[in-house]
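Undergrad:
2 protein chains.
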Amino acid sequence: MALEGRFETDDGVVYVGGDARQRYHDSRGYGYPLEGNEIALAPVEAAHLLYRGDLEAIVDAASGERLRFREFVAREPGEGFGVRFLVYADLRSRGFYLSPAAEPWVPDPPGGEVDFAVFPRGKGPGDGKIAYALRIVGERTDIPAAELREGVLAVVDEESEITYFEIGRRNPSGTSGSDAALPDGCEADLLADRVVVWEPPLDLYERTFYGQPLEGREYDEPTLQCSLLEAAYLAERGAIDLEPEMVRERGREVEGERFDRRLTVYTELRERGVVPKTGYKFGADFRTYADVESVENLGHSELLVRVHPADYVFEPRDLALDVRLAHGVRKTMVFALVGDGTDRSDAIEWWSLERLTP
Amino acid sequence: MALEGRFETDDGVVYVGGDARQRYHDSRGYGYPLEGNEIALAPVEAAHLLYRGDLEAIVDAASGERLRFREFVAREPGEGFGVRFLVYADLRSRGFYLSPAAEPWVPDPPGGEVDFAVFPRGKGPGDGKIAYALRIVGERTDIPAAELREGVLAVVDEESEITYFEIGRRNPSGTSGSDAALPDGCEADLLADRVVVWEPPLDLYERTFYGQPLEGREYDEPTLQCSLLEAAYLAERGAIDLEPEMVRERGREVEGERFDRRLTVYTELRERGVVPKTGYKFGADFRTYADVESVENLGHSELLVRVHPADYVFEPRDLALDVRLAHGVRKTMVFALVGDGTDRSDAIEWWSLERLTP
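Chains A and B, in that order, give the protein sequences. Taking full-length UniProt numbering, the leading residue of the first sequence gets 1, the next gets one more, and so forth. Taking full-length UniProt numbering, the leading residue of the second sequence gets 1, the next gets one more, and so forth.
(1) Of all the CB atoms in chain A, is at least one closer than 8 Å to the CB of Phe286/B?
(2) Is it buried or exposed for Glu218/B, if we count other Cβ within 10 angstroms and need 16 for buried?
(3) Run through the UniProt domain "tRNA intron endonuclease N-terminal" (8-72) of chain A for me and flag every whole beta strand (DSSP E) of 3 or more residues, listed as ranges in chain order.
(4) Taking Phe119/B as the reference, which of Glu257/B, Phe259/B, Leu134/B has the closest Cα?
(5) What are the boundary residues of the beta strand (DSSP E) that Phe259/A is part of?
(6) Tell me the rounded alpha-carbon separation between Val292/B and Arg207/B.
(7) With DSSP as the reference, label Glu302/B as helix, strand or coil.
(8) Does DSSP put Glu218/A in a helix, in a strand, or in coil?
(9) First and last residue of the alpha helix (DSSP H) that includes Asp203/A?
(10) Under the assumption that Thr278/B contacts Tyr233/B (Cβ atoms under 8 Å), give the Cβ distance between them as a whole number of angstroms.
(11) Is Ile167/B near Leu86/B, with beta carbons less than 8 Å apart?
(12) So if I threshold CB-CB distances at 8 Å, which residues from the region 55-82 of chain B count as touching chain A?
(13) Mind checking who Leu167/B pairs with in its DSSP beta bridge?
(14) Count the other C-beta atoms from every protein chain shown that fall within 10 angstroms of the C-beta of Gly12/A, then say buried if there are 16 or more, exposed otherwise.
(15) Give a yes or no on whether the minimum CB-CB distance between Val254/A and chain B is below 8 Å.
(16) Residue range of the beta strand (DSSP E) that Arg135/A falls in?
(17) Can you tell me whether Arg324/B is buried or exposed? The criterion is at least 16 other CB atoms within 10 Å of its CB, across all chains shown.
(18) Please state whether the Cβ-Cβ distance between Val307/B and Val265/B is less than 8 Å.
(19) Is residue 365/A buried or exposed, if buried means 16 or more other CB atoms sit within 10 Å of its CB?
(20) Going straight from the alpha carbon of Ile143/A to that of Arg355/A, what length do you get?
(21) Count the CB pairs spanning the region 3-23 of chain B and the region 34-46 of chain B that are closer than 8 Å, and state whether there are at least three.
(22) For Phe69/B, which option in Gly53/B, Asp60/B, Val83/B, Arg84/B has the closest C-alpha, if you only look at C-alpha atoms?
(23) Using the DSSP secondary-structure output, state which residues sit across from His308/B in a beta bridge.
(24) Would you kindly report the start and end of the unbroken beta strand (DSSP E) that includes Asp322/A?
(25) Span of the alpha helix (DSSP H) holding Asp346/A?
(26) Using DSSP with H/G/I as helix, E/B as strand and the rest coil, what is Leu242/B?
(27) Identify the residues that DSSP records as bridge partners of Lys277/A: which are they?
(28) So, for Gly82/B: in the same chain, excluding its five sequence neighbours on each side, which residues have a beta-carbon less than 7 Å away from its beta-carbon?
(29) Within 8 Å of any Cβ in chain B, is that where the Cβ of Glu218/A sits?
(30) What residue from Gln225/A, Met246/A, Asp193/A has the CA that sits closest to Tyr205/A's CA?
(31) Closest Cβ-Cβ distance between Leu353/B and chain A: below 8 Å?
(32) Alpha carbon to alpha carbon, what distance is there between Ala145/A and Arg23/A?
(33) Starting from Lys331/B, find everything on chain A with Cβ-Cβ shorter than 9 Å and list it in chain order.
(34) Express the C-alpha separation of Leu304/B and Ser294/B in angstroms, rounding to a whole number.
(35) Taking 7 Å as the limit between beta carbons, can you name the residues of its chain near Gly126/A, skipping five residues before and five after?
(36) For my contact list, Glu150/B and Arg194/A are in at a C-beta cut-off of 8 Å; report their separation, rounded to the angstrom.
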């Protein structure tokens, strides 16, 4: 016989007596145990039991009203109830137990903007292990960059489909050539928003992968076109005979403050032995190559990097687009968040986002 | 022996005498013929001949200075010279002839923001046929929606790689079920930013593809979750028992004015026999199915639709991202531009963008 619950609107929790502890908590991971056999359920847990027909009804302790699934859901008990319920039900149907990321559901809940603690498959709230912290948002909820946490983000779209993203730290590093190999003072001209380097040593392109040869010229003395980022980096190191500040100034003219942020990330990647090339065709700032020995034997680029200021606010739809595209071309989407730290390597936070099927 | 040209800065044109007409114009499609054997060249044409070594030098008519390729290019003769030259050279290397889209290069030049008339392969300026109108922008140049034209858009990225997009009109149409099949006044609840329809006829989902069944319920009486767009459309037609204006009002609360634009496009697509479902996973507004007979035998969705106001300004990088993603999932990217025409079908302009390899 199905039990009934009692909804206390004051504490926003549903109490169930009878043999609830054994039936719902111990064997199936719902709620937290109270004295005797009573348990307390979060609204999503209670709704799920109602939905499954495991709870018969929930009685509103204040009004005495008897609520079935439809009536209980229509009250939207708690902020974001709808999307939380959908994700809760989805993960349970995939064989996971999960609890609200709060005491007393879990003893040591993960901090930050987290909705649920998801337990490893086959484990429950009493087993002392958490597989990951889960945050849930609707597709219209903006996500400030400062709220990113290692864990999983579930986005519920307007038609109630769910996408899961695994969020992690990603520190790019590589073995590509160092500045030691750069030439000295090659002749170069600054044109509109690019730079032409006139007949530099072949290795500038072929080994260290700067620029792009102008088509149709003899290959043993290429004329290289460089982006303003590449040119600013090369000018700073004396490899081309342009004033570094002049190149940066042009960059700011055509791109605004975005240019300095991108140059910070470009420089940091180069110093980490990673070659950044434009990610334009993928809608990103850079695609990156960790281990360039020569352009002739260039491997697959591994990362797509998008540069944002540290106070950027993500829209889930843009995240979906970026991550989906990166996945489709077998690259990992990385966000470089640039703050105003004085030391360059401190100024950048690197985050990766990847699609996840729980 | 290579000829020399004469650059008149006043009219921005390079004149070449000798046997130039036969050598450069008649046999290879450069410039336009003047009296005798003289021809006039646009700066990109002259630069290309210099670059190839076909012209020896260009003499500045005012100063008498003798310019080689580097010096001529460094002057950036004309707006957007750099990107125009790159695309001109690329298309010539692919075997196409092209001329500035202006008289007297071509007798009846295409209107609007067009840079070049590209001739069919094997044809030239004298043959009276244009394969397409070509517009060229750098990746940092914004493109107002009002400037879209049928033709080809070439975008030159910061590292001087070129992407070609074919722009065309695309009027979606299909054979999916009509409103006649809709039920009458199904019970529904409005929750936060979605609507639950309680046990509607199975066909509402299965035949006309509204909503998404709540997982884990019996399938012969599904509980459907609908987006606010679907719900606004269904409420307007009396298929669910919610006030249409209440649903639209909620839509505006959570999405702002974007909601009405999207509803206009949603409604127009439905009335054209096309089923729009959310395009969230592709970062778009809709993916569309032209011929839905049943959800069980659902084909591949054909279009990704992004909705913008008619005065929207595109950034080439976003275009690249959208078109690349659509291509990767074998769909066509379509932009629905919504103006404020009073008649709905007049209010929407439909444009498709697809990658092109010339």
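Heads up, the beta-carbon is just placed ideally off N, CA and C, and yes, glycines get one too. All figures in this text were calculated on a predicted structure; none of them were measured in a lab.
TA: If we stick to the structure as given:
(1) For the purposes of this step, residue 286/B is taken as residue 286 along the second sequence, with counting starting at 1. With respect to chain A, the C-beta atom of Phe286/B has no partner C-beta closer than 8 Å.
(2) In the second sequence, counting from the first residue as 1, residue 218/B sits at position 218. Only weak support is given to the placement of Glu218/B: the predicted model assigns it a pLDDT of 49, under 50, and the question is left unresolved by the model.
(3) Runs found: 13-16, 39-41, 55-60.
(4) On the second sequence, position 119 is the one that residue 119/B refers to. The option with the nearest alpha carbon to Phe119/B is Leu134/B.
(5) Sequence index remark: in the first sequence, residue 259/A carries index 259 (1-based). For Phe259/A, no beta strand (DSSP E) encloses it; the enclosing alpha helix (DSSP H) starts and ends at 258-271.
(6) The residue labelled residue 292/B in the question sits at position 292 within the second sequence. The residue labelled residue 207/B in the question sits at position 207 within the second sequence. Cα atoms of Val292/B and Arg207/B: separation of roughly 7 Å, rounded to the nearest angstrom.
(7) As a first step, residue 302/B is located in the second sequence; it is residue number 302 there, counting from the start. Note: Glu302/B maps to coil in three-state DSSP.
(8) Within the first sequence, numbered from 1, the residue matching residue 218/A stands at position 218. Its pLDDT being 49, under 50, Glu218/A is placed unreliably in this model, and the coordinates cannot settle the point.
(9) Here residue 203/A refers to the residue found at position 203 when the first sequence is read from its first residue. Per DSSP, Asp203/A is one residue of the alpha helix (DSSP H) stretching across 202-206.
(10) Here residue 278/B corresponds to residue number 278 of the second sequence, with the count starting at 1. Here residue 233/B corresponds to residue number 233 of the second sequence, with the count starting at 1. Thr278/B to Tyr233/B, Cβ: 14 Å. No contact.
(11) The sequence position of residue 167/B within the second sequence is 167, counting from 1. The sequence position of residue 86/B within the second sequence is 86, counting from 1. Here Ile167/B is not near Leu86/B, since their CB atoms are 8 Å or more apart.
(12) Within the region 55-82 of chain B, the qualifying residues are Arg70, Val73, Ala74, Glu76, Gly80, Phe81, Gly82.
(13) As a working note, residue 167/B is residue 167 in the second sequence. The question names Leu, but residue 167/B in the sequence shown is Ile. Gly151/B, Leu353/B, per the DSSP bridge assignment.
(14) Taking the first sequence and counting its residues from 1, one reaches residue 12/A at position 12. With fewer than 16 Cβ atoms within 10 Å of its Cβ, Gly12/A is classed as exposed.
(15) To locate residue 254/A, count along the first sequence from 1; it is residue 254. Interface annotation, Val254/A: in contact with chain B, CB-CB separation under 8 Å.
(16) As a first step, residue 135/A is located in the first sequence; it is residue number 135 there, counting from the start. First-last of the beta strand (DSSP E) with Arg135/A: 132-138.
(17) The residue given as residue 324/B occupies position 324 in the second sequence. With 16 or more Cβ atoms within 10 Å of its Cβ, Arg324/B is classed as buried.
(18) Residue numbering aside, residue 307/B sits at position 307 when the second sequence is read from its first letter. Residue numbering aside, residue 265/B sits at position 265 when the second sequence is read from its first letter. It is a contact, given that the beta carbons lie within the stated cut-off.
(19) The structure shown has nothing for residue 365/A, since chain A only spans 1 to 358.
(20) To locate residue 143/A, count along the first sequence from 1; it is residue 143. To locate residue 355/A, count along the first sequence from 1; it is residue 355. Between Ile143/A and Arg355/A, the C-alpha separation is close to 17 Å.
(21) With a cut-off of 8 Å, the region 34-46 of chain B and the region 3-23 of chain B count as touching, because enough Cβ pairs lie within range.
(22) As a first step, residue 69/B is located in the second sequence; it is residue number 69 there, counting from the start. Comparing Cα-Cα distances from Phe69/B to each of Gly53/B, Asp60/B, Val83/B, Arg84/B, the minimum goes to Gly53/B.
(23) Numbered from its first residue, the second sequence carries residue 308/B at position 308. According to DSSP, which records beta bridges pairwise, His308/B is partnered with Leu337/B.
(24) On the first sequence, residue 322/A is found 322 positions in, with the first residue counted as 1. For Asp322/A, no beta strand (DSSP E) segment is defined; the enclosing uninterrupted segment is the alpha helix (DSSP H) at 316-328.
(25) Residue numbering aside, residue 346/A sits at position 346 when the first sequence is read from its first letter. First-last of the alpha helix (DSSP H) with Asp346/A: 344-347.
(26) In the second sequence, residue 242/B corresponds to position 242, counting from 1. It is coil, neither helix nor strand.
(27) Walking along the first sequence from the start, residue 277/A turns up at place 277. DSSP lists Arg287/A as partners of Lys277/A.
(28) By 1-based counting over the second sequence, the position of residue 82/B is 82. Only Glu76 meet the Cβ criterion.
(29) Taking the first residue of the first sequence as 1, we reach residue 218/A at position 218. Residue confidence is low: Glu218/A scores 49 on pLDDT, short of 50, so the model does not pin down where it sits. Its coordinate-derived value is still stated next. Chain B places no beta carbon closer than 8 Å to that of Glu218/A, leaving this residue out of the contacts.
(30) In the first sequence, the residue the question calls residue 205/A occupies position 205. The residue from Gln225/A, Met246/A, Asp193/A with its alpha-carbon nearest to that of Tyr205/A is Gln225/A.
(31) Here residue 353/B is taken as the residue at index 353 of the second sequence, counted from 1. At least 8 Å separates the CB of Leu353/B from every CB of chain A.
(32) In the first sequence, the residue the question calls residue 23/A occupies position 23. In the first sequence, the residue the question calls residue 145/A occupies position 145. Straight-line Cα distance between these residues: approximately 41 Å.
(33) On the second sequence, position 331 is the one that residue 331/B refers to. Within chain A, no residue comes near Lys331/B; the closest Cβ sits about 12 Å away, beyond 9 Å.
(34) On the second sequence, position 294 is the one that residue 294/B refers to. On the second sequence, position 304 is the one that residue 304/B refers to. Ser294/B and Leu304/B have their C-alpha atoms spaced approximately 20 Å apart.
(35) Taking the first sequence and counting its residues from 1, one reaches residue 126/A at position 126. When the five nearest sequence neighbours on each side are left out, no beta carbon in the same chain lies closer than 7 Å to the beta carbon of Gly126/A.
(36) Taking the first residue of the second sequence as 1, we reach residue 150/B at position 150. Taking the first residue of the first sequence as 1, we reach residue 194/A at position 194. The pair is not a contact, with the Cβ atoms about 29 Å apart (cut-off 8 Å).
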